[in-house]
Structure formats: structure tokens, C-alpha cells
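For the protein sequence lines, the chains are A and B, in the order given.
My numbering puts the first residue of the first sequence at 1, with every later residue one more than the last.
My numbering puts the first residue of the second sequence at 483, with every later residue one more than the last.
I have placed the structure first, in the form of C-alpha cells, so that the comments after it can refer back to it.
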Amino acid sequence: MKLIFETGAPGRRSYSLPALDVPDNELSSLIPADLIKKEDVNLPEVSEVELIRHFTRLSQMNFGLDLGFYPLGSCTMKYNPKLNEETAKMPGFLHSHPLQPEHLSQGSLKLMYELEVCLKEISGMNRVSLQPAAGAHGEMSGMLVIRSYHESNGSPRKRVIIPDSAHGTNPASAALAGYDVTVIKSTREGLVDINELKKVLDSDCAAVMITNPNTLGLFEKDIVEISRLIHEAGALLYMDGANLNALLGITRPGDMGFDVVHINLHKTFSTPHGGGGPGAGPIGVVEKLAPFIPVPTVEKDGDRYYFDYNRPQSIGSIHGFYSNFGVLVKAYTYIKKMGAACIHDISRNAIINANYIKKRLEGYYTLPIAGQSMHECVFSSKLQKEKGVHAWDISKRIQDFGFHPPTVNFPLVVEEAIMIEPTETESKETLDKFCDVMITIAKEVETTPDIVKNAPHTMIVKRLDEAQAVKKPVLRWQKPTQ
Amino acid sequence: MEYIPNTPEDQKEMLRVIGVSSYDELISNIPPEIRLKGELNLSAPLSELEVMSELKSLSIMNVNADDFTCFLGAGAYDHFIPAVVPHIISRSEFYTAYTPYQAEMSQGVLQTIFEYQTMICELTGMEVANASMYDGASAMAEAAMMAIRIAKRNEIVISSTVNPRYRRVLAAYNSGLKHPVKTIESSNGITDINKLSQAITDKTAAVIIQYPNFLGSIEDIKTIIDMTHKAGAASVIVADPIALGLLKSPGELGAEIVVGEGQPLGIPLSFGGPYLGFFATRMEHVRKMPGRIVGATTDKEGKVGYCLTFQTREQHIKRERATSNICSNQALMALAATVYMSAMGKNGIRETASLCLNKTAYAKQKIGELNGYSIPFTSPVFKEFVVKTPVPPSVINKMLEKEKIVGGLDMGTYYPELGNHILFCVTEKRTKSEIDKLVKILAEV
């Protein structure tokens, strides 16, 4: 499809602005002559109808959750209630300036305060900073909090221990906080290997980062023992909360012994993912880490809510203002809607759905690790690989049947991984249709593997050459030279 | 529960297929000692109607720029947003999608990102842009870290005229790695060039300047970029995207990295977020860049399509050696900016900038003429300017508030030496009569 730059014609416009109602000055009287732009910025020139058709057409070339099943493992693509969108659009939220006086922003401050109260209860932590703009941003903030804590005790420590199954953001975030990363291998059951952990756990270890349930969808059943060992070594325990959807109403990071947890609000609390963002990644911490969380925090004095910047041990700010506030409004809306009584229904249904898919596909794809799954299950297509078909090929074939593919090739510890997370918002009928498709594809691999290898067949483009995109990078449109 | 389709009967049937006698059996490996006893202490579930009215009661406790006249900027701007922008980003094919890992079924968002990258390059005069960062402040912090990778040195030099909130974010990002940071004082509302030149050494990796700066003044970035290059360091320019409709782009003047807050490009004030960090650099540095990048390629029939590219820099592949840890970004906000820039086009963005410039000049002149007020700096400004006030800015803002005006920023909050100074912002949305009303109230103080 044509780019917007190739649409329209010189002189066309789709904007309107009021006429200048104050004296018009000579440009060079207001800005230095050598900094005045000589030529206009080369932006599109399109009429409004051309613009609308262009972007509407593009939207039709995109698969969103509202179009169908989106079982991307570890991404928690649950349905995004429309109510969330309506509340976030309320003018007091959408059009309030972040620096307007606090007494004119009491609604936003109260919402942030109340959301923190909810998230403290849900996570079992003592304080929550709403500031991080995404899960990985929360990880980095959490690591900086941990560093500040150790520094305040006279020793920053050097290392962070991370299981080999972790999200790539974990090691990247630890490195940004100035830590060396030590990777430990998982057990054959896919869990943290306590013996491996003991080998590397010493007085130089600042923290251990664990995802629970982990990226294989398994609950770390020895978490209490792991927590004891880590704390005995004077280290702290960090929880990647990417999979918190599985734990709601069952258990809490704080009760398991975690010192810091980040919560991907866009996952568990159903704010839309927006094609890759915005998200929000608040961090919860235990009492002894509370002095170090980002400024400002939201505090309450009688009926008045205010920002507290006077926290001398804080790591500082990691966001230009307070948070991805609009995302907070959506998550708060969702928590209010679900309430105490329904919150366990989320994890219960997510867990049943994942185990149902796991059962139905068993035998057609390899289950690399047995054991009870939580909200997602990981298969391997190594059987299919013998026929020259990779997980990546299977993901392309799934597209032909109108589903978004699961996460493939992750976690890295599973060869040809296919990680399926149905979430609680999908019905049994949808899961059945999806499983039927997966079984059909498994059969195709046996009989007509080329159909799978050459997929997708129904998309607007066939399989794209991603290697070429690196070898001959074209990262922007160039105006053709006359 | 309307968001969860399966009924107890469905669940029962599914548990039967799974082969367990109950749901509890499914989660039996979660140790009892860490299980929740009873319900969480949250409020009872509410109906849609009840949630709407509860949230509305919070919303109306805030004043907003629709009901009030806003002369406040300082990093968040009340610019006009064409109706097409919220319309397009409300299409659920866009907003309910995830990161486009599966290119074939995500061509819509991938093409819009490709268009976004192109527009950011055009605006900044650079060769390559990423698909967005969290906000302007974090984009600047990431730029500093990237400059360290480019220059293979580790000292950061930053002007005190860079947004103090951005500097605070840089400090937090740097609190683990602890690279040396030198802050340069200002004179006459812009970076003191002499002090800057003394501070730049052969250890300097990055020189960070804001254009126009936090005080509204237009820095002489040409001189600064040249000075930075002579020292073998990388120049990082934090630019206002609307100002680039009139001002020479940092790219044209030789900058290595251009970043900034994309909120003025069609994104609501939203109490500070979600916003958009834009980030652009030169092609030679593409492998050192943070964040997602989309590239054009072809499918096996030769048809043009788009996909994520240069992923080997990213955290899911490179892990602790990645260029950054960014994963979720601000893609929907980048889409808003793309639609905004398409709607405004080359003429609209210049006209918007020109309206800001002239209205600001008018406001600055009228306020400067008032008894007791003065304009402390002579350096040229774009859409913000500092005023020295006869009484504390809080007193002025209190009076303005009574007339449904959100006043300016009390500069003493960030610059103790600028007590009794206020920063006003005048965007293209402010009318002459609104400005005249502001001037009239100021005169009565």
C-alpha cells in the first residue's frame, strides 16, 4: 500500500487553524536569522478524506484483540473492556496539566493514591510507585532501588542472579543499573535450581530476579525456601510480575517473600497494548525499600492529596512527570469493576483455559516439561522440526486461520518453543477452534509440510524477508530525486 | 462477570477434559502457607454505571484545559489536536494490538511506524528514528547513554537550561552506572558558552542542550554543536517538535542525536502521560540505538512490506549487552503523532509554529510594559518566556485561578535564583482576548 507521502498533492491540506489575531512580525525580528528554517519540513500534503482513508485502510491491515484470539504467551492479551476507554477520556483526566496546582488536581491525585492502595493489597507490598511507564522500566527502577538500598548499608554489591528462562528485559535492566549478571540454569522440571543458586549466592549478590509463575508457565513451588536462602545471603528477591494474571486472589508476591515486584498494568489490569505501548509498570516494595522509590509519591493529609518530593533517599525520577497516568485511569477502572469478589475469577479462568489447551494439544506437539501449568503452557515443535518445519513456520500458518500466533522461540530454554496464553477472557468454543487449527497444522506437517513452510497464504503480504531488512536497511521513505 | 465467558458448567466440562477433579487440584502445587486466606481487601464489584459515576466524581475534582485557559507549559503543552487524531487512534485494530512480532498480520501498525520514523527524520533533519521511547525525559537519558557508546568516553555535559525534570530523570538513569555529569550555568536565559567551552574536555561523551530551552529561549545550537564536534564528543539536542516548523533542524546543524517530547504532536495533556519520546540519529549509529526500529523489505513475491529490524541490538536477543532495556514503548502515541503530522502537513506545522511565535511575542511585550513586571532576558524566545514579577508567582496564580486561568510556572521551584520569576506559555490555542485578559489581571496585582 502507498505511503502517506505518496498520497495527496502539493497544496492539499487537512488542517485548519485560526487566523493570527495579534500583530504579525517579521520572522527575523523574533528569531536569529541563521536559525530560521529555509525550506518547509517535508511532511505530507493530503486532504482530510485522503488522510482518513489512508489510516483506516492501514487499520484494516492490522490484527487487534477485538478481531480475534491473540494468545501471545507472557503478553497477557486479555480483552480490554470499553469502559476503561470511556473513563480515561473524561476531560478532567484527559485535559489536565501535570503542573497545574495540586489543589486543582485533587481527582487525579486521589485516583493515584487509591490505585496505590489497591495495588498494595493485590501485591502484598508496603509501598507502590506508579511511575514506571512499562514493565521493563519498572525492572530498571526496582534494580536502582535495590542498589540504593545496598549502598545505604555501605555496600552496593556487584551481581544480580537471573534464571536462564527469564525475559530478556531482566538482564538488560540489571545491567542498566550497573550490575553484572550471573545466569543460572533451570532444573529439568523448568524451575529455579536451588543447588545452582546456592553455588553463586554470596555476599556479592545484590538480588535475584525471578518470574513467578515463570516463563514456562510453572509456579516456583520452592519459592519460600528460595526466598529464605536469598535473604540469608543478604540479597533481595525481585519478582518480574509479567505473569501476575495467574496469581490474583491466590497468593501475593509479598507473601511469597519478594522484596520488589513490578506489575504490568497493561497485562493483568486490561489496559490496551496499543501496538506496543503505552503500558505502565508500577513497582511494589517492602517497607525497608520504601525510602528509595522514585519521587514524587502521592500522600494524603486529612482530605488533601499531595505529591511528596522530599524523600532524600529516593533514586530520583524515572519519568518526566508522574506516570503514564491515562493507563492508570484504565487499570483503576478495571479494578473497581472487578472488585474483591471477581478478582479470583480472573486467575481461575486463565488457569483452566491454559490447562485445557495444554491437554487438548498434548500428543500433537511435544510438551518439553511436564508439571502443572498456571496461565500459560509451553509446547515444543521439535517433532515437526524433523520434517523441516519450525515453530516460526507454524506461527505463520496459524495466521491463515484467523488467529494471532502464540509467542514462538521463547523461552530460550525450550527448543522450538510455542508459548500459548489464552487468558480468562476467551470462551471454550474459541479455545476449541484454536486447538482444532493447531491439530490441523500438526497433521499438515505430516502430510503436506510445504503448506506450512510457505505460509501465510491469506495475508496481504506473504512471508517477509527479515534478513534483507537488516542487510539493506530501508528505515524511512526518501523523496524521489527529480 | 461480563468479561469472562466461561460459566461454571463450562469450567466443569473443561476440568473433566483436563482430567482433574477440581480447580483446586490444578493449583495444588502452590504451597498452603503462602495462599491467601479469604478475599482481598478491595471494594465490592461495581456495575458500569457505578464505575462511571465514581470516576466522573474524580474527574470533576480536576480543572482541565477545556474549561480553563492554560498559560502553563514547562514540558507539557496545550496545543490544538485535530479531530482526526483521536478518531484514528480509537480504532481498535490499532489500540488492541500488541508489538508487531508477526509482521504479516501487523502491516498496518508497521507501516504507520515506518511513516512515523520518516516524519521524525524530516522534522529533526536526521537519518534514522526509532519507533518511540516512554517520554522526552527518558529519551534524553537514553540518548546520553548512547552518546557514551558512540564516543567511547563517559562524561556527560548538560546545560542547566535543560528541563530540570529531564535532568532529574537522567540522574536516576545514571545512578547505577555513575558516569560523571557536569551541569553548565546559564547567562541571559541561555547556556553560558564560555563556561560550556571550559567544561568540554577530551573525556566528554555528550553535550546536551535543549532547543528552545526550558526558559523558552532559543539556544545558539550551531555554535555549541561545532564546539562539541571539535572536542570529539556527540551533541544531543532536546528539541521542541513544533518549533522545528520554523527553526533550523538540529540535523541540518550537525547534531548526532535529536530527542524530545512528542506530546505537542497531537497528544492530550493527560496529567503528564502517556506521552511520547522521539529519538533520531545518523545512520552510522543505528546499531547503537535503543528501542524498536521498523524497516521496509519485500516478501517472496517481491511485494513491499514492513517488519521490525535490527533486533539483535534489543534485550530479547542481546540480553545484558542490549543497547537498552526498552520493550513496551509508546507505539499508539507514535501513531497519534503520525496522524497529527499528516494532518498538519508542511504548511500546518509552520503555521502552528508561527502562531505560537507571534502570540508569545505579543504576550511578552504586553506583560513587559506593565508596571512592576519586567522581562529579565533579552534572548529570543519561541512559545515560553520568563517574567520577573512584583509579588510571588503563587499570589498571581491564585488571582488567575479565580478567573478560570491556569497561570504560569513558579520558576523558584526549579531555580532558587529565580524566585519571583514566572514562566508563561502561549500556544496557538490562546486568543488575543485571552492574552489581554491575562495582562489585565496581572496589572491589577
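Even for Gly, the Cβ is constructed at its ideal location relative to N, Cα and C.
All figures in this text were calculated on a predicted structure; none of them were measured in a lab.
- At least 8 angstroms separates the CB of A/ASN310 from every CB of chain B.
- Per DSSP, the continuous beta strand (DSSP E) segment holding B/TYR693 begins and ends at 686-693.
- For a cut-off of 8 angstroms, the C-beta gap from B/GLY830 to A/PHE321 is around 27 angstroms, too long to register as a contact.
- A straight line joining the alpha-carbon of A/LEU431 with that of A/ASP66 spans about 16 angstroms.
- Cβ contact annotation for A/ILE223 (same chain, cutoff 8 angstroms, sequence separation greater than five): ILE210, ASN212, MET256, GLY257, in chain order.
- At a C-beta separation below 8 angstroms, B/PHE761 has no neighbours in chain A, since its nearest C-beta there lies roughly 13 angstroms away.
- Taking a C-beta cut-off of 7 angstroms against chain A, the contacting residues of the segment 785-797 of chain B are LYS785, GLY787, CYS789, THR791, PHE792, GLN797, listed in chain order.
- In terms of Cβ geometry, B/THR643 and B/THR673 form a close pair [threshold 8 angstroms].
- DSSP links A/THR297 through a beta bridge to A/ASP308.
- Judged by beta-carbon spacing, B/ASN879 lies beyond the 8 angstroms limit of B/GLY894, meaning their Cβ atoms are not closer than that value.
- Under the three-state reduction of DSSP, B/MET615 is assigned to strand.
- With a 10 Å radius around the Cβ and a threshold of 16 neighbouring Cβ atoms, B/LEU531 comes out exposed.
- Within chain B, no C-beta atom comes less than 9 angstroms from the C-beta of A/ILE394; the nearest is roughly 12 angstroms away.
- For a cut-off of 8 angstroms, the C-beta gap from A/GLN100 to B/LEU554 is around 6 angstroms, short enough to register as a contact.
- Excluding sequence positions up to five before and after B/GLU597, its CB lies within less than 6 angstroms of the CB of THR820, all in the same chain and listed in chain order.
- Taking every protein chain shown into account, the CB of B/LYS782 has fewer than 16 other CB atoms within 10 angstroms, so this residue is exposed.
- Cβ-Cβ distances below 7 angstroms link A/LYS396 to ALA455, PRO456, ARG463 in the same chain, with the five nearest sequence neighbours on each side left out; the list follows chain order.
- When Cβ-Cβ separations below 8 angstroms define contact, A/CYS75 makes contact with chain B.
- For A/LEU94, the secondary structure class from DSSP, reduced to helix, strand or coil, is helix.
- Pairing B/LEU592 with B/TYR897 gives a Cβ-Cβ distance that is not under 8 angstroms.
- The beta carbon of B/ASP492 sits closer than 8 angstroms to some beta carbon of chain A.
- Within 10 angstroms of the beta-carbon of B/THR805 lie 16 or more other beta-carbons, which makes it buried.
- In the DSSP assignment, A/CYS377 falls within the unbroken beta strand (DSSP E) covering 377-380.
- Proximity of chain B to A/ARG188 at the Cβ level (cut-off 9 angstroms) is not reached, the minimal Cβ distance being about 16 angstroms.
- Excluding residues up to 5 positions away in sequence, THR7, GLY8, ARG12, SER14 lie with their Cβ nearer than 8 angstroms to the Cβ of A/GLU50 in the same chain.
- Annotation: the continuous alpha helix (DSSP H) that includes A/LYS110 extends over 106-123.
- Within the model, the alpha-carbon separation for B/ILE509 versus B/LYS785 is close to 49 angstroms.
- Within the segment 692-756 of chain B, the complete alpha helix (DSSP H) segments at least 4 residues long are 703-712, listed from N- to C-terminus.
- The segment 69-78 of chain A and the segment 417-425 of chain A touch, with three or more beta-carbon pairs separated by less than 8 angstroms.
- Around the beta carbon of B/ASN853, a 10 Å sphere encloses fewer than 16 other beta carbons of the protein chains shown; the residue is thus reported as exposed.
- Judged by DSSP secondary structure, B/THR842 falls within the alpha helix (DSSP H) whose first and last residues are 813-850.
- Interface flag for B/PRO662 against chain A is unset, since no Cβ pair is found closer than 8 angstroms.
- Per the C-alpha coordinates, the member of B/TYR855, B/VAL873, B/ILE703, B/THR842 positioned closest to B/PHE867 is B/THR842.
- Rounded to the nearest whole angstrom, the C-alpha separation of B/ASP548 and A/PHE325 is 18 angstroms.
- Distance from the CA atom of B/GLU802 to the CA atom of B/LYS704, rounded to whole angstroms, is 36 angstroms.
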